[in-house]
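Chemist:
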Amino acid sequence: MDRKIRQQKITLPDYKKIYSDLIELKHPEKKELCRRILSKDFLSKFDVIKINNLILGNNNKNTRLNQRYRSYDKETIIEILKFQKKKNLNNTQLANHYKLSRNTITKWKRILSDLVNK
14 MDRKIRQQKI TLPDYKKIYS DLIELKHPEK KELCRRILSK DFLSKFDVIK INNLILGNNN
74 KNTRLNQRYR SYDKETIIEI LKFQKKKNLN NTQLANHYKL SRNTITKWKR ILSDLVNK
């Protein structure tokens, strides 16, 4: 039984379809803002965060509640840390920008420091 479960392909939600429908139905005025991101073949988690902020804004009432359920894959974490380096931000500024804990960023940097410095 375990073997069958491991062999099943893990499917991710089709974020492109979800956000395209959301824009068409609820926020048609923001279609042009999101066109560049939605033109990609595949949306990374980083793209999903960006488009979510574009559509719903940063002042969403549920942001604080939803924040505790966020998870990031390795590529997204590396992208966030490279963004920090590119923009010359400290951990506090980066934490405020992405609404993360400073401790989370410190942990990511400790674990992935060799990948970010490339």
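Each step along the sequence shown adds one to the number in the working numbering, with nothing skipped, and position 87 is 100.
Even glycine gets a Cβ: it sits at the ideal position worked out from N, Cα and C.
With contact counted as at least three CB pairs below 8 Å, one residue from each stretch, are the stretch 55–65 and the stretch 24–32 in contact?
Modeler: Touching, per the Cβ criterion.
Chemist: Based on Cα-Cα distance, which residue from Leu-69, Lys-99, Ile-50, Trp-121 lies nearest to Asp-86?
Modeler: Cα-wise, what sits closest to Asp-86 is Trp-121.
Chemist: Grouping DSSP H, G and I as helix and E and B as strand, with all else coil, what is Leu-46?
Modeler: Of the three classes helix, strand and coil, the one that applies to Leu-46 here is helix, per DSSP.
Chemist: Which of the three DSSP states is assigned to Thr-24 in this structure?
Modeler: It is coil, neither helix nor strand.
Chemist: Below 9 Å between beta carbons: does that hold for Thr-119 and Asn-104?
Modeler: Taking 9 Å as the Cβ cut-off, Thr-119 and Asn-104 qualify as a contacting pair.
Chemist: Who are the Cβ neighbours of Arg-115 in its own chain at under 8 Å, not counting the five residues just before and after it?
Modeler: Correct list, in chain order: Asn-104, Thr-105, Ala-108.
Chemist: Would you report the Cα separation of Lys-43 and Lys-63, rounded to the nearest angstrom?
Modeler: Their backbone Cα atoms lie some 13 Å apart in a straight line.
Chemist: Within its chain, find whatever has a CB closer than 7 Å to the CB of Ile-36; leave out the 5 residues flanking it on each side and keep chain order.
Modeler: The residues are Lys-43, Lys-44, Cys-47, Ile-68.
Chemist: Does Tyr-85 come out as helix, strand or coil in the three-state DSSP assignment?
Modeler: Here Tyr-85 sits in coil by DSSP.
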